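S.K.:
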Amino acid sequence: MKKLFLLDAMALIYRAHFALSKNPRITSKGLNTSAVFGFTNTLLEVIAKEKPTHLGIAFDTAAPTFRHTAFEAYKAQRQEQPEDITVAIPLVKRLCRAMDIPVLELDGYEADDIIGTFAKIAARRDFQVYMMTPDKDYGQLVEENIFLYKPAFMGNGVEVLGPKEVCEKWGIQRVEQVVDILGLMGDAVDNIPGIPGIGEKTAAKLIAEFDTIENLLANTDKLKGKQKENVVRYAEQGLMSKELAKINTQVPLPFEEEHLKVHITKGEELKQLLDELEFRTIKKRLFGEESGEEKPAKPTAKTAAQGSLFAQPAPEQEAHEPDGEFLHTKEKQNIRTVAVDYHTVDTPELRRQLIRFLALQKVFCFDTETTSENAYEAEVVGLSFCYRKGEAFYVPLPENREAAAAVLQEFQEVFANEKIGKIGQNLKYDLIALANYGIEVRGELFDTMLAHYLIEPEGRHGMDIMAENYLNYKTISYDELTMRGKKQIPIREVPLADLTEYAAEDADITFQLQEKFAPVLKKDGLEVLFREVEMPLVQVLADMERAGVRIDTEALAAYSKELEVDIRAAEQRVYADAGEEFNIGSPKQLGQILFDKLKLIDKPKKTATGQYATGEEILVQLAPEHPIAQHILDFRQLQKLKSTYVDALPQLLSPKDGLIHTTYNQAVAATGRLSSNNPNLQNIPIRTDKGREIRRAFVPRSPDFVLMSADYSQIELRIMASFSKDESMIEAFRQKRDIHAATAAKIFKVPIEKVDSEMRRRAKTANFGIIYGISAFGLAQRLNIPRKEATELINAYFAEFPAVKKYMDEVVQLAHEREYVETILKRRRYLRDINSRNFTQRGFAERNAINAPIQGSAADLIKIAMIKIHNWLKISGLQSKMILQVHDELVFDVYRPEQEIMQAKVKELMESAFTLEVPLEVEVGVGENWLEAH
């Protein structure tokens, strides 16, 4: 059978845009491609999974429709279309046309009218039609061969609704009655008024009883009270609303069956658009490995004869430095189109010459080629250097570790020279890899990854993508270097000439990126943050990662067994609730138990595969009323604790020393906070007793050491007090009062000694919620109280802390003017939606405007403390080490004879890291494991 999919472009574009609004996809040129990205993925997924024979994409136009003529206020109150959607619509049309997919639009008609018309025509021509949209209004159109296809979204699977499903969903007899329900309930989004006081459930109930609006109006004597009054008074408005909600299936747009046939074009136009949108994964998905880009020719790198290596300066290549317009319009350069002077330095004499020239430089760029992404485990295969654009040198190392170390030692004099600056991309990795061989890098550092992170906090900071965006240059990828057919060879097996070209290019391009970024840091006032915080922190984190932390594997093994017992007990509780045993880990079986057997809800949601949805969101909603849901959540939490942490941590031990060496990420969180992986320290549970037990397994490196934890107390609230200069908050902190109890006393107007635990809990939630710009709705959800009560609580809070409200209003106003906010140290958080006409996006940006300076300043502060402590430890020559950083907490492996000085000095350095209006307070604890110390 012929299978036609008709996509409601506007509904899908809006859905995609808002789904990614909290984590938008921004290109290097500042273009928000979230809507186009989401739409494209949805389109490709439906083509791949549903395999339609025919396809069309329907759009609204800006022209007024017959509905505007009939009702002047139609859509008048709709929020302004977000600017990013306005930009996305023509891009989606370009995408469709580049793929040869019909764009269906006609002035005077909306997308749903076009889809309705085409659906009815196609059904008469023996098509099976699927109207793809999240819009419920389309339910009025379904019939035997016409289906409403709701795409998967936010954990909910695909829904395919025919006449039976639509009627069941609304509790009606005929799909035509959907229009009557819509007429009664109206549509706030489109400003269809409906009849006041009648919502969706009431409308469905009335139509189920009276069949149509017209029949309802003929039987108003059967209604009572306010409902009867409204139906009589607004009868004409209800009838007009029904007409506005009715989809027109007589649009004068020709249905051309041949034109709608699916034959996706994959040509140059599509490639260019995907490049412009920076959709690399989608491009690879569509074009495979054959992306149409020319691969670099076989190595052109020069292996110079001895004596000629440094004879001539590299020619200046203007193609490497295009202006901004050039980046948008010119074809990208690569190693085949740009003259470069790359050399293999593979003899002792050539190395001596290179070292002599490096020693003469004020700054040089270097990069390591290694055998592993794990810096601590990696073996260095070679080094590349660049001190002049277009010219670079690759030094291959012997495979034997001792011989490689000897060659590296030759370069120690230039690496250790503090007068020579060092440039690199992700320098922390290189510092750790070289430190494995005893090589120490000194001098002022410039990391291009971190420079770009400060310039574009939410951008992508990989060298390859930055080269394309800032230098208009396409680098050789690692896959191009190492792939031989479908097999990837080890880097040591790559021919030397190939490796020279690849490694030298890395150093050259990084050197050029530094030249691009340094002036921008200065222009944007980011130099102090970069040079005094982010760059010194690189060495701090490198030393912490190399230090590692010991794990008590026996304790974890014992705890794993204990958790296994708890898991089995939780399992039995679920079985008892279910009345039978089944596989709790099987979503299919679990769904059957919950919804077929126990019938916990009438109309359970289903996934794309047709199974019942049993995700955490569903279970959390069910838990208050159904014990089995809470028991399943308990079972899952215990299983996750065991598999993700207790059983996984021992697998992360380094074979070199038996310790765990986490990796800290400096350029991930836009707020400036550090993140970590392998393990993710920030996610190690702390809120539950079972979760906290994991910290017990983190132990000192030997019996001569003890663990010490130093944790900032309520740092974000102290920063808010300092920023807002609110006297009440400042006084509470200065007097060392319980800030949450003090807040409760203020907003509930009771003496502090009369504050009970519930008051304190609400005040604590308000305290932390306010600094995140929480709404009354959000506070009501967190405290499980009515929204009116939450509003009163917020109003009382601001009445008692007026300076906090004044500060928040001022920072939001400033954000509107500048479109960014700053931390104490001028770290910027750009807020591209702060002036959006769409109040949902604008509201989200305004909440970020309030929170980002506070959270970011807390990040700045602990980084300063880490640098001060690291420097002091080095100067003092102590054996104690800083080993972990988690949020506002630092953890140390303390040599027992140094315990007293460490406790005093670390507390002093952390509390003096920055001067605020209120004193900083650090709580220090010591123990035989992390749990005891915290």
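The working numbering puts the first residue of the sequence shown at -15, with every later residue one more than the last.
Every residue, glycine too, gets a C-beta built ideally from N, C-alpha and C.
This structure is a prediction, so every number in the text was calculated from the model and none was measured.
1) Whole angstroms is fine: what's the gap from Val347's alpha carbon to Phe377's?
2) Give the secondary structure of Asp817 by DSSP, where H, G and I count as helix, E and B as strand, and everything else as coil.
3) Can you give me the Cβ contacts of Asp710 inside the same chain, cut-off strictly under 6 angstroms, excluding the 5 residues immediately before and after it?
4) Using the three-state DSSP reduction, which class does Pro639 fall into: helix, strand or coil?
5) Count the CB pairs spanning the region 329 to 346 and the region 396 to 413 that are closer than 8 angstroms, and state whether there are at least three.
6) Assess contact between the region 238 to 253 and the region 188 to 204, defined as three or more Cβ pairs (one per stretch) separated by less than 8 angstroms. Is contact present?
7) Excluding five sequence neighbours on each side, which residues of the same chain lie with their C-beta closer than 8 angstroms to the C-beta of Glu128?
8) How close, in whole Å, do the beta carbons of Leu392 and Leu411 come, if the pair is a contact with beta carbons under 8 angstroms?
9) So, for Pro770: in the same chain, excluding its five sequence neighbours on each side, which residues have a beta-carbon less than 7 angstroms away from its beta-carbon?
10) Between the C-alpha atoms of Gln337 and Ile644, what's the straight-line distance to the nearest angstrom?
11) Please name the residue in Leu574, Lys581 and Lys626 whose C-alpha comes closest to that of Leu603.
12) Starting from Pro199, trace the alpha helix (DSSP H) in both directions and tell me its first and last residue.
13) Under a Cβ-count criterion, where at least 16 other Cβ atoms within 10 Å of its own Cβ denotes burial, should Val641 be classed as buried or exposed?
14) For Gln498, which residues from the same chain have a beta carbon less than 6 angstroms from its beta carbon, with the 5 sequence-adjacent residues on both sides left out?
15) Taking all protein chains shown into account, do 16 or more other C-beta atoms lie within 10 angstroms of the C-beta of Lys226, making it buried, or fewer, making it exposed?
16) Val734: buried (16+ other C-beta within 10 angstroms of its C-beta) or exposed?
17) Rounded to a whole number of angstroms, what is the C-alpha to C-alpha distance between Lys77 and Met(-6)?
18) Skipping 5 residues on each side, what residues in its chain have a beta carbon closer than 7 angstroms to that of Ala923?
19) By DSSP, does Glu776 sit in helix, in strand, or in coil?
20) Note the first and the last residue of the continuous beta strand (DSSP E) segment covering Glu907.
21) Kindly indicate which residue of Ala554, Gly366, Gly599 and Leu691 has the alpha-carbon position closest to the one of Gln623.
22) Rounding to the nearest angstrom, what Cα-Cα distance links Ala388 and Thr352 in this structure?
23) Report the start-end ranges of each alpha helix (DSSP H) in the region 128 to 197 that is 4 residues or longer and not cut off at the edges.
24) Find the nearest neighbour of Glu882 within the set Asp872, Val870 and Ser864, judged by alpha-carbon distance.
25) Have a look at the DSSP bridge pairing and note the partners of Arg919.
26) Which residues does DSSP pair with Gln369 in a beta bridge?
27) For Phe566, name the three-state secondary structure that DSSP assigns.
28) By the three-class DSSP mapping on this structure, what secondary structure does Asp722 have?
29) Are Glu67 and Arg552 closer than 8 angstroms when you measure CB to CB?
30) Might you give, ordered along the chain, the residues of its own chain that have their beta carbon closer than 7 angstroms to the beta carbon of Arg702, omitting 5 neighbours on each side?
31) Verify whether the separation of the beta carbon atoms of Leu(-4) and Gly40 is less than 8 angstroms.
32) What are the start and end residues of each continuous beta strand (DSSP E) run of 3 or more residues lying completely inside the region 879 to 907, in chain order?
33) Just to confirm my understanding: we take Ala725, look at its own chain, exclude 5 residues before and 5 after, and list those with CB closer than 6 angstroms. What are they?
34) Considering just the uninterrupted stretch of the beta strand (DSSP E) at Asp325, what are its terminal residues?
35) Looking at Leu132: is its Cβ nearer than 8 angstroms to the Cβ of Met115?
36) Compute the distance between the beta-carbons of Ile248 and Leu258, then report whether it is under 8 angstroms.
M.R.: This is what the structure holds:
1) Stepping through the sequence shown from its first residue, residue 347 is reached at position 363. Stepping through the sequence shown from its first residue, residue 377 is reached at position 393. Distance between the alpha carbons of Val347 and Phe377: 15 angstroms.
2) One-based indexing of the sequence shown puts residue 817 at position 833. Note: Asp817 maps to coil in three-state DSSP.
3) Within the sequence shown, residue 710 is the residue found at index 726, counting from 1. Only Phe785, Ala787 and Val788 meet the Cβ criterion.
4) Taking the sequence shown and counting its residues from 1, one reaches residue 639 at position 655. Here Pro639 sits in coil by DSSP.
5) yes
6) no
7) If you number the sequence shown from 1, residue 128 lands on position 144. Taken in chain order, the residues that qualify are Ala107, Gly146 and Pro147.
8) On the sequence shown, position 408 is the one that residue 392 refers to. On the sequence shown, position 427 is the one that residue 411 refers to. With a Cβ gap of about 16 angstroms, Leu392 and Leu411 do not count as contacting.
9) Residue numbering aside, residue 770 sits at position 786 when the sequence shown is read from its first letter. Once the five neighbours on either side are set aside, the close Cβ partners of Pro770 are Ala764.
10) Here residue 337 is taken as the residue at index 353 of the sequence shown, counted from 1. Here residue 644 is taken as the residue at index 660 of the sequence shown, counted from 1. Rounded to the nearest angstrom, the two C-alpha atoms are 40 angstroms apart.
11) Indexing the sequence shown from 1 puts residue 603 at position 619. Per the Cα distances, Leu574.
12) Taking the first residue of the sequence shown as position 1, residue 199 is located at position 215. Checking the sequence shown, residue 199 turns out to be Asn, not Pro. Its alpha helix (DSSP H) spans residues Ile197 to Ala202.
13) Working through the sequence shown from its first residue, we reach residue 641 at position 657. The displayed chain sequence assigns Asp, not Val, to residue 641. Exposed: under 16 other Cβ atoms inside 10 Å.
14) Along the sequence shown, one-based indexing puts residue 498 at 514. Around Gln498: Ile407, Phe430 and Thr432.
15) On the sequence shown, residue 226 is found 242 positions in, with the first residue counted as 1. Lys226 comes out buried.
16) Residue 734 sits at position 750 when you count from the first residue of the sequence shown. Val734 should be labelled exposed.
17) Taking the sequence shown and counting its residues from 1, the one referred to as residue 77 is at position 93. Taking the sequence shown and counting its residues from 1, the one referred to as residue -6 is at position 10. Rounded to the nearest angstrom, the two C-alpha atoms are 11 angstroms apart.
18) Residue 923 is absent from the structure shown; the chain starts at -15 and stops at 918.
19) Here the question's residue 776 lines up with position 792 in the sequence shown. In this structure, Glu776 counts as helix in the three-state DSSP scheme.
20) Here residue 907 refers to the residue found at position 923 when the sequence shown is read from its first residue. Here the beta strand (DSSP E) through Glu907 covers Val906 to Gly911.
21) Along the sequence shown, one-based indexing puts residue 623 at 639. When each option's Cα is compared against that of Gln623, the closest is Ala554.
22) What you label residue 388 is simply residue 404 of the sequence shown in a count that begins at 1. What you label residue 352 is simply residue 368 of the sequence shown in a count that begins at 1. Cα to Cα, Ala388 sits roughly 13 angstroms from Thr352.
23) 147 to 154, 161 to 169 and 184 to 194
24) Counted from its first residue, the sequence shown places residue 882 at position 898. Cα-wise, what sits closest to Glu882 is Ser864.
25) Outside the displayed span of the chain (-15 to 918) sits residue 919, for which this structure offers no information.
26) Position 385 of the sequence shown, counting from 1, holds the residue named residue 369. According to the sequence shown, residue 369 is Phe rather than Gln. In DSSP, Phe369 forms a bridge with Phe350 and Phe377.
27) Numbered from 1 along the sequence shown, position 582 holds the residue referred to as residue 566. Three-state result, Phe566: coil.
28) Here the question's residue 722 lines up with position 738 in the sequence shown. Correct three-state label for Asp722: coil.
29) Looking up residue 67 in the sequence shown gives position 83. Looking up residue 552 in the sequence shown gives position 568. No. Outside cutoff.
30) Here residue 702 corresponds to residue number 718 of the sequence shown, with the count starting at 1. Same-chain partners within the cutoff: Phe717, Leu900, Val902 and Leu904.
31) On the sequence shown, residue -4 is found 12 positions in, with the first residue counted as 1. On the sequence shown, residue 40 is found 56 positions in, with the first residue counted as 1. Result no, Cβ atoms of Leu(-4) and Gly40 do not sit closer than 8 angstroms.
32) none
33) Here residue 725 refers to the residue found at position 741 of the sequence shown. Excluding residues within five positions, the ones whose Cβ falls inside 6 angstroms are Ile736, Val739 and Arg744.
34) The count along the sequence shown starts at 1 and reaches residue 325 at position 341. From DSSP, the beta strand (DSSP E) with Asp325 extends over Asp325 to Thr328.
35) Locating residue 132 in the sequence shown gives position 148, where the first residue counts as 1. Locating residue 115 in the sequence shown gives position 131, where the first residue counts as 1. In contact: Leu132 and Met115 (Cβ atoms closer than 8 angstroms).
36) Walking along the sequence shown from the start, residue 248 turns up at place 264. Walking along the sequence shown from the start, residue 258 turns up at place 274. The answer is no: Cβ separation not under 8 angstroms.
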